[in-house]
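Please read the structure below before turning to the comments.
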Amino acid sequence: MALAAKDVKPGMAVAVDGQPGQWEVLDRHPRHNHWWLHRRGASGEWQTTFDHMRHLHRVADGSRHEYEQTELEAA
49 MALAAKDVKP
59 GMAVAVDGQP
69 GQWEVLDRHP
79 RHNHWWLHRR
89 GASGEWQTTF
99 DHMRHLHRVA
109 DGSRHEYEQT
119 ELEAA
């Protein structure tokens with residue numbers, strides 16, 4: 049079940065569109081109803097391999113992702 053915008057807070061763990069693993073919410077995108085998300089892989093590297101998922105886009109520095117808020121689920 050998708051989280052409502054009012055329920056998403058920086059620092060909380062979320063699931064992304066039913067994908068395995070958890071992401072941490074960093075902050076809200078300044079101009080859109082998107083959130084910056086990140087997580088570390090098993091060996092501690094920043095996860096950067098999920099740009100193929102719907103509404104998810106790799107950010108220039110490779111360490112953060114944005115995801116449409118309506119696709120976030122409580123982890």
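Per our numbering, the sequence shown starts with residue 49, numbered consecutively. Built from N, CA and C at the ideal position, the CB exists for glycine as well. Remember, it's a predicted structure, so these values are computed and weren't measured experimentally.
Which value, in whole angstroms, describes the spacing of the CA atoms of residue i and residue j?
i          : j          : result
residue 60 : residue 73 : 6 Å
residue 58 : residue 86 : 11 Å
residue 62 : residue 52 : 12 Å
residue 71 : residue 64 : 7 Å
residue 84 : residue 55 : 15 Å
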